[in-house]
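Residue numbers (the working numbering): 1 to 266.
Glycine included, C-beta positions come from ideal geometry on N, C-alpha and C.
See below for the structure under consideration.
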């Protein structure tokens, strides 16, 4: 069996930068267990599988496809950077003729459209709810005595959001050591699949200012830390929009350089 597989670095224009994802094009149905085996072999945070929805579909001409995402350990319901990578493969490598692509996924229909400066991706907006403590997991489990200003939970994505105290700055979050092994030991109910650490942004002065900073951890699905995660930003967008009263924001992950503009449709 031969399958075309591409490695695409999302959120960058340079090789070996950004957040890599594998993209596999499926001409025919694939045995269910093969998805996970391939993702484990790729050993990237996400492997995306694009499939035709009808026998007459064509990767270069059709505008709607099925899309699934797998980490090396399990299937996930949403992955932004692997969706972006999938659209890039179809637009730039396969030369798909459409300006907009629709992906049918576990999170509903997602759209990617070509723009002058790249690809615009529409993601769901997931609400969060205040939590004092979520199941067996407390902030100290991962970040010790770091001051936490707010704790929220997204039931749709099973992500826990910890907002660090406004007294901290960007460099503090950037250098914070997170014990992901402890996370697996204390939270094994399946109610938490990802941990978001976020911090209110700072004035940029002469440089680019940001509304918020973040880092994301998902050892429950086999990813200790993901450089940037679309599903996490679907939660961050909801939270910071409420906190800041804004519908368009600039966020920055702190594993590598990334500017992410998030237009919100409320």
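Give the range of the alpha helix (DSSP H) segment to which residue i is assigned.
i	result
residue 175	170-175
residue 41	32-42
residue 81	80-88
residue 234	230-244
residue 142	139-143
residue 120	Note, residue 120: premise wrong, no alpha helix (DSSP H); beta strand (DSSP E) at 118-122.
Using the C-alpha atoms, what's the distance from residue j back to residue i?
i	j	result
residue 114	residue 120	6 Å
residue 4	residue 23	8 Å
residue 35	residue 44	13 Å
residue 28	residue 60	16 Å
residue 30	residue 149	46 Å
residue 69	residue 80	10 Å
residue 267	residue 179	This structure cannot speak to residue 267, because the chain is shown only from 1 to 266.
residue 109	residue 87	14 Å
residue 251	residue 244	13 Å
residue 260	residue 10	Reliability fails at residue 260, whose pLDDT of 42 lies under 50, so the model's placement of it is uncertain and the value that follows must be treated cautiously. Approximately 12 Å, taken between the alpha carbons.
residue 195	residue 232	9 Å
residue 131	residue 92	43 Å
residue 38	residue 171	37 Å
residue 187	residue 222	14 Å
residue 263	residue 159	Any reading at residue 263 needs caution, since the residue's pLDDT is 44, under 50, leaving its predicted position unreliable; the model's value is listed next. Roughly 21 Å between the two C-alpha positions.
residue 71	residue 41	10 Å
residue 203	residue 112	31 Å
residue 266	residue 89	At residue 266, the pLDDT of 30 sits below 50, so the modelled position is not reliable; the number obtained from the coordinates is stated separately. So the two alpha carbons sit approximately 30 Å from each other.
residue 124	residue 104	13 Å
residue 118	residue 214	23 Å
residue 200	residue 62	42 Å
residue 256	residue 230	The pLDDT assigned to residue 256 is 43, lower than 50, so where the model puts this residue is not dependable; a value taken from the coordinates is nonetheless given after this. Those two C-alpha atoms are separated by around 15 Å.
residue 258	residue 190	Bear in mind that the predicted position of residue 258 carries a pLDDT of just 41, short of 50, making it unreliable; the figure below should be weighed with that in mind. Approximately 30 Å between the Cα atoms of the pair.
residue 157	residue 140	22 Å
residue 306	residue 51	Outside the displayed span of the chain (1 to 266) sits residue 306, for which this structure offers no information.
residue 163	residue 211	13 Å
residue 247	residue 15	32 Å
residue 13	residue 122	21 Å
residue 94	residue 169	43 Å
residue 116	residue 8	19 Å
residue 82	residue 225	15 Å
residue 173	residue 238	21 Å
From the DSSP output, which residues share a beta bridge with residue i?
i	result
residue 19	10
residue 160	153, 195
residue 148	164
residue 94	In DSSP, residue 94 forms no bridge with anything.
Please identify the residue among the options whose C-alpha is closest to the C-alpha of residue i.
i	options	result
residue 129	1, 32, 236	236
residue 175	197, 182, 16	197
residue 184	58, 103, 138	138
residue 1	156, 181, 26, 210	26
residue 127	247, 242, 254	242
residue 100	107, 84, 189	84
residue 227	193, 254, 238	254
residue 165	155, 152, 181, 146	146
residue 6	13, 49, 12	49
residue 152	240, 116, 177, 66	240
residue 143	33, 12, 8, 182	182
residue 64	238, 15, 98, 8	98
residue 106	94, 12, 66, 116	66
residue 193	168, 32, 161	161
residue 209	225, 13, 14, 249	249
residue 155	32, 234, 8, 46	234
Quick one: does residue i have its CB under 8 Å from some CB of chain D?
i	result
residue 7	The displayed structure is made up of one protein chain only, and chain D is not part of it.
Locate the beta strand (DSSP E) running through residue i, then write down its first and last residues.
i	result
residue 101	100-105
residue 67	64-70
residue 186	Counting along the chain, residue 186 falls outside any beta strand (DSSP E), though it belongs to the alpha helix (DSSP H) covering 180-186.
residue 248	248-253
residue 108	108-115
Any contact of the segment 207-225 with the segment 67-87, i.e. 3+ C-beta pairs under 8 Å?
-> Enough Cβ pairs lie closer than 8 Å, so yes.
Any chance the segment 8-20 sits against the segment 51-58, with 3 or more Cβ pairs inside 8 Å?
-> The segment 8-20, when compared against the segment 51-58, does not touch it at the 8 Å Cβ threshold.
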